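According to this note's numbering, the sequence shown holds residues 395 to 672 in order.
Structure, as structure tokens:
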Amino acid sequence: MTALPLAALMMLASGAIHAVVNAILKSGKDKMSSRALIDGFSGLIVLPAVFFVPLPHGAWIWLLGSWITHLIYLVCLIKAFERADMTVAYPILRGVAPLLAAIAAVALFDEPIGVLTACGIALVSAGVLTVGLGKQVDPRALGWALATGATIAIYTVIDAQGVRAAPSAPSYIVWVFVSLGFGIATIFALWRGPAFVVSARAEWKAGLTAGSLSILTYGLALWALRLGDTPRLAALRETSILFAVLIAVVFLKERLTRGRMVGVAGIALGAGLLILGG
């Protein structure tokens, strides 16, 4: 399998796993503590690998930028989930991200984008937004969701440059998870104080599961970004909303409305164009 089809397949798998991680985060009672558990476990699991991969020379500045942006992203994500249902907040924040990431990648780093890719990105974003905008949205929740989408676009572009600048994909992936895992887990745990201890006792199994899955979802995404162009691959990852809708309908017993079906069809068509555009 050549690089681009492999990268596309990795991004589709990443999107599916990502929906599960966010469903686990949304189910937590104290979302900041839940996120601390997820990141802490992911960092702990990956930690032994630092002895087997080279240091990410050439990518330190990107790693620092990723760390800062991810911290802002997680705060915005938690605030969005606290103020809106997952089926409202998640599509909005994921819908704006590929558009902004494509604009940034093309404008700042002169990455290629063809007609099919541009149409695919537009369809995926429109489909994702259609899934989420059928309900009444709290203006504050909308603001946090849009801010989250912007930070997703920023860290996607940063990490695409970082994983390409590093000596190898595993080098950057391992150091991303170690630095983010322990750093963000510590900040959020201290932020929540005694409430974190209570949540950790009750939800450590869910945190361990989501932490393990987060390594898979973002590890696959980073490796894919080393193999292909950012605009197409960033949009393909947003097919995660298809799996989020499936989770909502099957497990949360939410209704699949006509608007959602239209949105899902748009995402599927857009994903097809993105794959063909490669």
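The beta-carbon is built from N, C-alpha and C at its ideal position, and this holds for glycine as well.
Since we're looking at a predicted model, the values are computed, not measured.
Hey, how far is the Cα of residue i from the Cα of residue j?
i: proline 506; j: tryptophan 598; result: 43 Å
i: tryptophan 585; j: isoleucine 669; result: 43 Å
i: leucine 471; j: alanine 642; result: 18 Å
i: alanine 659; j: glutamate 632; result: 14 Å
i: glycine 514; j: isoleucine 661; result: 8 Å
i: leucine 337; j: valine 551; result: Any answer about residue 337 is impossible in this case: the structure gives the chain only from 395 up to 672.
i: alanine 535; j: glycine 577; result: 26 Å
i: alanine 401; j: aspartate 424; result: 35 Å
i: leucine 431; j: leucine 457; result: 21 Å
i: proline 448; j: isoleucine 455; result: 16 Å
i: glycine 556; j: leucine 621; result: 13 Å
i: glutamate 476; j: isoleucine 609; result: 24 Å
i: threonine 511; j: glycine 666; result: 10 Å
i: glycine 613; j: valine 592; result: 30 Å
i: alanine 407; j: valine 525; result: 20 Å
i: aspartate 623; j: glycine 587; result: 41 Å
i: methionine 404; j: serine 634; result: 12 Å
In this structure, how does DSSP classify residue i when only helix, strand and coil are distinguished?
i: valine 447; result: coil
i: glycine 629; result: Correcting the residue identity first, residue 629 is alanine in this sequence and not glycine. It is helical.
i: arginine 649; result: coil
i: aspartate 532; result: coil
i: serine 427; result: helix
i: glycine 613; result: helix
i: isoleucine 507; result: coil
i: alanine 453; result: coil
i: glycine 489; result: helix
i: methionine 395; result: A caution first: methionine 395 carries a pLDDT of 48, below 50, which makes its placement in the model unreliable, though a value can still be read off. Methionine 395 falls in the coil class under three-state DSSP.
i: glycine 422; result: coil
i: alanine 483; result: helix
What do you reckon, are the CB atoms on residue i and residue j nearer than 8 Å?
i: valine 639; j: arginine 652; result: no
i: proline 450; j: alanine 563; result: no
i: leucine 619; j: aspartate 553; result: yes
i: proline 492; j: serine 519; result: yes
i: glycine 664; j: leucine 517; result: yes
i: valine 500; j: proline 625; result: yes
i: tyrosine 566; j: alanine 495; result: no
i: alanine 539; j: alanine 596; result: no
i: glycine 508; j: glycine 671; result: yes
i: alanine 547; j: alanine 498; result: yes
i: valine 440; j: valine 644; result: no
Exercise for the section: Specify whether the segment 401-416 and the segment 569-577 touch according to this definition: at least 3 beta carbon pairs, one from each stretch, less than 8 Å apart. Expected result: Cβ pair count under 8 Å is below three, so no.
Problem - Given 8 Å, three or more beta-carbon pairs between the segment 456-468 and the segment 576-585 - result: The answer is yes - the segment 576-585 touches the segment 456-468, with three or more Cβ pairs under 8 Å.
Problem - the segment 428-439 touching the segment 596-612, judged by at least three CB pairs closer than 8 Å - result: Because the criterion of three Cβ pairs below 8 Å is met, the segment 428-439 and the segment 596-612 touch.
Exercise for the section: Spell out a yes or no on whether the segment 482-492 and the segment 540-547 are touching, meaning 3 or more CB-CB pairs, one atom from each, closer than 8 Å. Expected result: Enough Cβ pairs lie closer than 8 Å, so yes.
Practice task
Could you pull out every unbroken alpha helix (DSSP H) segment of at least 4 residues lying fully inside the segment 520-587, listed in chain order?
Solution key: Here the runs fully enclosed are 533-559, 563-586.
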